[in-house]
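**Student:** Numbering (our numbering), first residue to last: 39 to 169.
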Amino acid sequence: MWLLLQSLMWWTVRAEDLTFVPLNKEFLDRLRNETYYNRYATPTQYDEYVREHGAGIPTNVSLSMFIEGMSSFSAQTMDYHLDMYFQQEWHDHRLAHNNSSPILVKDKKVFGEMWHPDVYFANAKSASFQR
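In structure tokens:
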């Protein structure tokens with residue numbers, strides 16, 4: 039187990055270490071064009087993709103998590119507090135751009151306008167999102 043944790047820690051890539059393309063007007067216009075972009079359809083469900091590749095193809099999503107700290111343990115209620123960084127990555131060809139670097143979306147409003155995986159933590163009593 040320790041070796042696995044060491045391996046995972048060695049391969050961890052932090053968002054600060056990568057180069058990202060900033061959000062620009064062209065990206066936001068494409069995202070907000072309802073005739074072109076449907077935020078309720080996965081990247082592999084929209085019409086053009088289905089015509090080219092066929093229906094029923096899953097959208098691959100990569101998830102990574104970095105635990106910053108654990109605290110406030112309660113043996114009586116079986117509660118604890120967990121701070122972590124959570125990152126999701128997927129390719130959405132509808133939002134393709136000419137840059138070689140990925141786009142990092144940190145704005146909750148913009149994130150809410152686009153399709154994103156419905157990730158949840160089973161048995162979580164509460165959770166919150168911070169930028």
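C-beta atoms are modelled at their ideal positions from N, C-alpha and C, and glycine is treated no differently.
Computed from a predicted model, the values in this text were never measured in an experiment.
Suppose only complete runs of 4+ residues qualify. What are the alpha helix (DSSP H) ranges in the region 83 to 148, listed by chain order?
**Tutor:** 85 to 91
**Student:** Kindly indicate which residue of Y78, T97, N136 has the alpha-carbon position closest to the one of Q126.
**Tutor:** For the purposes of this step, residue 126 is identified with residue 88 of the sequence shown, where counting begins at 1. Of the candidates Y78, T97, N136, the one whose C-alpha sits nearest the C-alpha of Q126 is T97.
**Student:** May I ask you to list the residues that DSSP assigns as paired with V59?
**Tutor:** By one-based count along the sequence shown, residue 59 stands at place 21. Paired residues: I141.
**Student:** Rank T115, L133, H119, M108 by C-alpha distance to the C-alpha of N62 and give the top, closest one.
**Tutor:** Along the sequence shown, read from residue 1 onward, the residue named residue 62 stands at position 24. Cα-wise, what sits closest to N62 is L133.
**Student:** Using a threshold of 8 angstroms, state whether the C-beta atoms of D121 and G107 are closer than that.
**Tutor:** The residue labelled residue 121 in the question sits at position 83 within the sequence shown. The residue labelled residue 107 in the question sits at position 69 within the sequence shown. In contact: D121 and G107 (Cβ atoms closer than 8 angstroms).
**Student:** To the nearest angstrom, report how far apart F65 and H135 are at their CA atoms.
**Tutor:** The residue given as residue 65 occupies position 27 in the sequence shown. The residue given as residue 135 occupies position 97 in the sequence shown. Each residue's alpha carbon lies about 8 angstroms from the other.
**Student:** Suppose you measure from the CA of F58 to the CA of R77; what does that come to, to the nearest Å?
**Tutor:** As a position in the sequence shown, residue 58 is number 20, starting the count at 1. As a position in the sequence shown, residue 77 is number 39, starting the count at 1. Spanning the two alpha carbons is a distance of roughly 22 angstroms.
**Student:** Quick one: Cα of M47 to Cα of V99, how far?
**Tutor:** The residue you call residue 47 lines up with position 9 of the sequence shown. The residue you call residue 99 lines up with position 61 of the sequence shown. Reliability fails at M47, whose pLDDT of 42 lies under 50, so the model's placement of it is uncertain and no value is given.
**Student:** Mapping DSSP to helix, strand and coil, what is F65?
**Tutor:** As a working note, residue 65 is residue 27 in the sequence shown. F65 falls in the helix class under three-state DSSP.
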